[in-house]
Structure formats: structure tokens, C-alpha cells
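Chains as they are written, first to last, in full-length UniProt numbering: chain H, 1 to 309; chain X, 1 to 443. Don't be surprised by glycine CBs; every beta carbon is placed ideally from N, CA and C. As the structure is a computational prediction, the values presented were derived from the model and not from experiment.
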Amino acid sequence: MQQIGKRPILRARTSNTAQPEASAPRRDPAPSKWAYRYHRLRLRPGYRNFVRLGLPLCVAALVAGIYFAQSDNRAKTVAAWQQARAQLETRPEFMVNVMAIDGASDATAAAIREVLPVDLPVSSFDLDLEAMRQTVESLDAVKTASLAVRTGNLLQIDVYERVPAVVWRHHEGMELRDDAGHRVAAVEDRNAYPHLPLIAGMGAQDQVAEALQVIAAAAPIADRVQGLVRMGERRWDVVLQTGQRIMLPVDAPVTALERVVILDRAQDILNRDVMAVDMRLSYRPTVRLGEAAREDIRKINEIEFGGQR
Amino acid sequence: MSQPYAMQRAMRTARKAALQKGVIAVLDIGTSKTACFVLRFDGSEGLSSEGIGSLAGQSSFRVIGVATTRSRGVSFGEITTMAETERAIRTAVQASQKMAETRVDHVIVSFSGANPRSYGLDGKVELETGVVTDADIGRVLAMCDEPDIGAGREVLHAQPVNFALDYRSGLADPRGQAGQELMTDLHLLTVDAPVIQNIVQCVKRCDLELAGLASAAYSSGLSALIEDEQELGAACIDMGGGSTSISIFIKKHMIYSDAVRMGGDHVTSDIAMGLRVPTPTAERLKTYYGGVHATGMDDRDMIQLGGDTGDWELDSRQASRAELIGIMRPRVEEILEEARARLDAAGFEHLPSQKIVLTGGASQIPGLDGLASRILGQHVRMGRPLRVQGLPQAVTGPAFSSAVGLALFAANPQDEWWDFDVPTEMYPARSLKRAFRWFKDNW
């Protein structure tokens, strides 16, 4: 290799680079038509989402479908699942051993234990607290109840009992009713509840609130009141221990009774020979006289008018 | 000008759809390389009707994918082998899509060959209302009489470059102004129709939708000329591989375009023939040792020509660098002389400013600026494309002027003839005639 002049720089450059690799036909890196189309398809957002989410889901569903197509596998899976579930549920942490009832009398508590279909110990997973609450509240003596599984494997039942307000006497016997008119319990003996007023008559149990208002209004003569009787399922009669009746109107019975009380205080009407005070027509209070008084009136009239009648 | 320009209107619609979507590709099909940029329009700036945004709309987009590949089947800027060109487009588009990680459906294409020819047209119309409306613009554009562009030619650009209202000229947008007579100057650029057909076909076969066509001369002028040069008048000479395209700008509009069907590839083939080396070797010698000014030192720079024929005598040949320059220089001079002749024919010397900007891959020959200023005049400079957002360093060379200009074109397209509504009074006569013919044919 001849070189005119010493030009090592240029020579060094030429000697190793002037061999053109391109004299061989260069490979063309062009994508084929289908490779190009596939590449463009892969850049579609829909296709990308499909590959990322749809395809794995499809494959998983396919595998699961093939596996569960055989009934053996299905049964095996279900059995394994149930066993695992049972194992978890019967762990001591989830067991309920004790039932505690608060706010209930002994009889009510006994009734609650009677109606609740729970055999302790039981897993808390098997307890349907809502259904149990409804069962407990279906007892007459229970107004509301709340159930909760507490720490210490405890089933806590908080009960608010119904408070009896009246004794209702009817054909078959007597029962206690609370102020809303709801049945509390049956009673054998009225004297077991001497502090509760007595009401009677058909339909009386539905109007306990009104009855209580009437009884409150009758407080000044409370020692004489025997009870209230619902007449014709529309109005009240106050029955006194002497057998006298105060017949109250359908509307505003309390006002009418207050009038009678005032009348009694002014004229001592109830201590006279009066069978009944009829207040049903508010503009015309009427008094039904007893037998002796009627006789006396007749005699007085004879004297005054000279036996015309 | 009764052609409906259906294709151009369809491309405009496609471009609007692409901008709506926010992603568009620009593809420069050159003789030596095919470049593809994927642009993303953020829509922050938007393409509002309220004039041009900041930085002439360049800030509204970002280049997110770039790929370049060797062109195949293209010579003189025209497609000669469809299948090969299609593969080149596929390569470039796929690589740039991969870089952008997004799919591109719309593409704007530029090409340099196809014998562009410029026509200057003018039209004149009386205003009916005394105020210029959109319809008046459409009417005045329709009044431009169409020259005989010849058979097998197609209109590539038809840009209104100037509007004049009565005695006032140089209006960019006369809408809303009062006057009696509206005149316009229209720059019409026609190219060979088969070239456009081939490009449309190639793009279609790549599953892409054509959203625009531009002349490479126009788009490289957009990016290589600075704003003042575009405003005051300048010529951009884009020396590509197979053709050297010339565009003249004034008042921010291209007013003339032409192409010399010679470029860097001819220099390479001269070297290959003169030194009897394969073309790839000649290309390599040109880019490594090429030049246009020989000095005394170059006589002593011996270049190893190489070869692997096995013949020791043949493979160990040497040539001095002066020889190489001696082969290259006449061809480069010829190209520049030819460009000079085209500029003279266009009347470039009458422009107020005679700036000439050389760009394109072949303009990177060392010493070209000295040679060019001797042939073209004193106001010659080397041009590089404008920097746009996200453009990698590797594609900021002068060879990418056309592609970058195409990106600017996509961001801020020039109004063309077909963007205005054809006046309605042109329709009825024709459609009545057509209806009458239909009746005659069917009864």
C-alpha cells in the first residue's frame, strides 16, 4: 500500500472503514403486510384492553368450565368448600356459649328461652339475629328487643317489656293490655292487679288510650269507679261501685265526665238516688232516678198538683 | 375551474377528523429516505378561527414518534415500484407508531418530483352587498380562469396568495371589508396525475387514510425559511436525493415552485462511475470525504476505495480526495446552475429580497455555501428545519426540512381553493342540464 506523505490519521480511518459492508445486498427490514396489520391492531385500545383483561378472563372461565363440567369435580369442590367453612365456623372464637337476657322479668325470660330455637353452644354464623329478634318480639310481653353477639361468646338479648296499663275483661276471661292496647298477658285473678283500671266490653281493647284519658279525668271520684264499659263499640260507660252509670258521649267523653265530676262536687249528685247520669247529649244531661226517688217525685207532684194524674 | 376537487375536499375532511382525534402522521416520501413523524395535537391551543396561535401554531402539536427508513422504489421523487414503496411506508409508519405507542390512521404526504409547474391566476368580481363575505371569496376564486394544465396533470395546490379590494392590494383576509370590486391572485401548482394516483394507492394499501398532499418544495420552504424570509421574499432550494425542488415565498405565501430532476443520487452515481466502485461505496465516499473545493492538501489525501472481489489489485485501489472532489463538483455546479436557470425563469431577480436558502440532504456537502454563492448570488445561507416540540436531535438535519415543514403544514394549513364553497349560482345550470339528460336517457 503506497502512500504519498505520511498521513496516518486518514490512513487509519480509511484502512478499517473503507470496506463497504453494503456491497452485499442489504436486508430490508420491512414488515410484511400482515405483520404491519397485526401491529396496528395491537395498538387499538380495544384490542389492548381485550388482551389485558378479556383474554385472561376468558381463559380462566374456560378452564373453570372444563373442570366443573365433571360432576365428581363439582361435588369435590362443594364438599371441600363446605368442610372449610364448617371448620372456620366451629372455631372457638366464633362459638356462642351463653345467652344473657336483660330487662325481662323471670316469666318473660323463661318464655324467651322457650321460643328461641337455639341449642347452645352454637356457631355465631348459624345465628340469624334478625329472625330471632322477630321471634322474641312476637312474644306479647315484649315490646322491643335487641340481640347482639358480644365478646366472651355471649348472646346478649336486651328486652323492653310491655307495661300493663289496664285489665280488660271479656267473654273468655281477663287479660292485661298496655297503653297502646296491645295484649301483655292473660290474668286469672283481677285482684292480682288492683292498681290497674278495669275495662270491659267489645272493642274496649282497641281504645285503651281513650279509656286511660277517661280514667284520668275520673280521678276525683276514683274511689267509687268500678270500671269502664265500652258500649256498642263506640262509647264509654263509667260504672261506679254502687252500680250507678255515667253514660259518656261518643265525642269528647273526657269533657262530659269532667262536667259530671263538677256536678257531683256541686250538688253531690252521685250520692243521691240516681241510677244513671246520661251525658250522651251534651246539651241535655239527663238523670235516671232510682225507684225510691221516682216514688218521691210522684208523691210531691200529687201534693203540688192535686192528684190530677 | 369547474372540477369538483372531490379528493382534496375528502382529504380536508380527513384532516379535520384527524385533528379531532388528536393524532396525525406526516410522511415524506423522498428518493433516498422515507421519514414518518407522528404528531399529537393537545388541543390546548386548538385550531380556532381566531387567527394563528402563538408560535404560528407550532406549539399546538408535539412530535411523539419518528422513524426514517431507506426509500425503495422511488426515483426522482416519484414512485416507480409500488410494492417496494409500500414496504418502505409500512416500515416507517410501523416504527413511528411503535415509538409513539399509538395507532395512526391519517397521514399527510409530501413528495418532491412529478414535474411541478406553477401558474399565477387572477380573478375579479363585483361585490353585490358592498361588503366582502365568504361567498364572495368563493366567487372570486371561482372566477379565476383555469389555464390549460394539460392532459394527465393534476392540481396539487391552489392557494389564494393575495386579495385586492378596489385599489388596495396585499390583503390577507378581506372578509368583512367594504369595497366594490374584489380581486385575487391564485397560485396554482400542478403535477403529473399518475404520481398522485400512485401515492394515493400506496397509502391506501397501507390501511392509512390520506389527509393531505403537499409538495416537498412547499413544505421545506415552510420549515427552512424563517418568518422574515417568508415575508420579504426568499427562495428555498431543497436538494434532495433524486430531485432538487425550488420554491419561492413572499408575503408568507408560496408563489412559485419548480424542480430540477437532479440531486444527490446523481453525484453518487457520478462517483460510482468515475471511480468504478459500487453505489453504496460511492455514497459512503461522498458523505465521508466529499466536498466541492479542492485544496493542495486534498491531493495528498489518499482514500482507500476498497472492495471484496478477491482481486488484490482491484481491491487495493486508491484515489485522492481531489479526484473525488473533481468528480463531485461539476455535478453540483450543474444542479445549482439549473436551479439558477429556474429562478431566472421565474423572475426571481425582481423580488425585493433575494435570499436563497439551501436545505435538503445534499446541501450538507462541505463547502457548498461558497460554491452556491458564486452561482446563485450573495444571499445564500444553509437552512435547517425549524425546531418543533419533541423532535429528536437525529432528525433536525437539513434532510428533514420537508418532513418538519409538513408537520407545520398539518398544524396550520394554508387555505386552498377547495376550502371555500363553490358559489351556488354555478350549480343550477349544470344540475338542470344533468337532470334533463337523465330524463332523456331514461324515457
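- Query: Can you tell me whether DSSP reads X:Phe61 as helix, strand or coil?
  - Reply: strand
- Message: Taking CB distances under 9 Å as the criterion, tell me whether H:Arg37 reaches chain X.
- Response: Cβ-Cβ to chain X under 9 Å: yes for H:Arg37.
- Message: Using the Cβ count rule (16 or more neighbours within 10 Å means buried), how would you classify H:Thr14?
- Response: In this prediction, H:Thr14 has a pLDDT of 43, which is less than 50 and means its spatial position is unreliable; nothing more can be read from the coordinates.
- Message: Counting only beta-carbon separations shorter than 9 Å, does X:Cys36 have a partner in chain H?
- Response: No, X:Cys36 lies away from the interface with chain H (no Cβ there is under 9 Å from its Cβ).
- Task: For X:Met273, count neighbouring C-beta atoms within 10 Å of its own C-beta (all shown protein chains included) and say buried if the count is 16 or more, exposed if not.
- Result: The residue in question, X:Met273, is exposed, as its Cβ has fewer than 16 Cβ neighbours within 10 Å.
- H:Leu88 burial status per 10 Å Cβ neighbour count (16 or more: buried): exposed
- Message: For X:Ser49, would you say it is in contact with chain H, using Cβ-to-Cβ distances shorter than 9 Å as the test?
- Response: Residue placement at X:Ser49 is poorly supported in this model, since its pLDDT is 47, which falls under 50; the coordinates are not used for a value here.
- Does DSSP put X:Ser49 in a helix, a strand or coil? Low confidence applies to X:Ser49: its pLDDT is 47, below 50, so where it sits in the model is not reliable enough to give any reading.
- Task: Say whether the region 283-290 of chain H touches the region 153-172 of chain X, bearing in mind that this needs 3 or more beta-carbon pairs closer than 8 Å, one atom from each stretch.
- Result: Contact fails: fewer than three Cβ-Cβ distances are below 8 Å.
- Check each candidate in X:Arg384, X:Ile356 and X:Leu285 and name the one with the smallest Cα separation from residue 462 of chain X. Since the first residue shown for chain X is 1 and the last is 443, residue 462 of chain X is missing from the structure and cannot be characterised.
- From X:Gly383 to X:Glu86, what distance separates their C-alpha atoms? A direct Cα-to-Cα measurement between X:Gly383 and X:Glu86 gives close to 30 Å.
- Task: Find the residues of chain H that neighbour residue 454 of chain X, judging by a C-beta separation of less than 7 Å, and give them in chain order.
- Result: As shown, chain X starts at 1 and ends at 443. That puts residue 454 of chain X outside it, with no answer to give.
- Query: DSSP on H:Asn153, reduced to helix/strand/coil?
  - Reply: Taken through DSSP and simplified to helix, strand or coil, H:Asn153 comes out as coil.
- Item | C-alpha gap between X:Asp42 and X:Met297, whole angstroms | 54 Å
- Task: Determine the DSSP secondary structure at H:Val274, reduced to helix, strand or coil.
- Result: strand
- Between which two residues does the beta strand (DSSP E) harbouring X:Met328 extend? Going by DSSP, X:Met328 is part of no beta strand (DSSP E) but of the alpha helix (DSSP H) stretching over Arg321 to Ala346.
- Task: Report, in whole angstroms, the separation of the C-beta atoms of X:Val107 and X:Gly65, which I expect to be a contact under 8 Å.
- Result: The Cβ separation is near 12 Å, so there is no contact.
- Item | Close Cβ partners of H:Glu233 (< 6 Å) along its chain, the five nearest in sequence each way excluded | Met202 and Gly203
- Message: Helix, strand or coil, according to DSSP, for X:Phe111 in the structure here?
- Response: strand
- Roughly how many whole angstroms lie between the Cα atoms of X:Gln414 and X:Leu222? Here the C-alpha atom of X:Gln414 lies approximately 11 Å from the C-alpha atom of X:Leu222.
- Message: Can you tell me which residues form a DSSP beta bridge with X:Lys355?
- Response: Beta-bridge pairing links X:Lys355 to X:Ala234.
- X:Leu406 versus X:Glu84: straight-line alpha-carbon distance, rounded: 23 Å
- Give the straight-line distance between the Cα atoms of X:Ser48 and X:Asn412, rounded to the nearest whole angstrom. The predicted position of X:Ser48 is uncertain, since its pLDDT is 49 and thus under 50; no value can be drawn from it.
- Report the partner residues of X:Ser257 according to the DSSP bridge assignment. X:Ser247
- Task: Could you tell me the distance, in whole angstroms, from the CA atom of H:Phe50 to the CA atom of X:Arg340?
- Result: 59 Å
- Measure the alpha-carbon distance for H:Arg44 versus X:Lys33 and round it to whole angstroms. 28 Å
- Per DSSP, cross-strand counterpart(s) of H:Glu258: Looking at the DSSP assignment, H:Glu258 forms no beta bridge with any residue, so it has no partner.
- Item | Beta-carbon proximity list for H:Val274, same chain, < 8 Å, skipping 5 on both sides | Around H:Val274: Gln244, Val287, Arg288, Leu289, Gly290 and Ala293.
- Three-state secondary structure (DSSP) of X:Ala10: helix
- Message: For chain X, check one thing: does any of its Cβ atoms lie closer than 9 Å to the Cβ of H:Leu43?
- Response: True, the Cβ-Cβ gap to chain X drops below 9 Å.
- Message: So X:Val26 and X:Ala259 are supposed to be a Cβ contact under 8 Å. How far apart are they, rounded?
- Response: The beta carbons of X:Val26 and X:Ala259 sit about 20 Å from each other, so the pair does not count as a contact at 8 Å.
- Query: Taking contact to mean at least 3 C-beta pairs separated by less than 8 Å, is the region 129-148 of chain H in contact with the region 97-116 of chain H?
  - Reply: yes
- Query: Distance, Cα to Cα, H:Ala200 vs H:Gly152?
  - Reply: Per the coordinates, the alpha-carbon of H:Ala200 lies some 49 Å from the alpha-carbon of H:Gly152.
- Message: Suppose you measure from the CA of X:Glu209 to the CA of X:Asp105; what does that come to, to the nearest Å?
- Response: 6 Å
- Tell me, please, which residues DSSP counts as bridged to H:Pro164. H:Asp178
- Query: Does any CB atom of chain X fall closer than 9 Å to the CB of H:Ser23?
  - Reply: Here the model assigns H:Ser23 a pLDDT of 46, short of 50, so the residue's position is not dependable, and the following value carries that caveat. Answer yes: the Cβ-Cβ gap between H:Ser23 and chain X drops below 9 Å somewhere.
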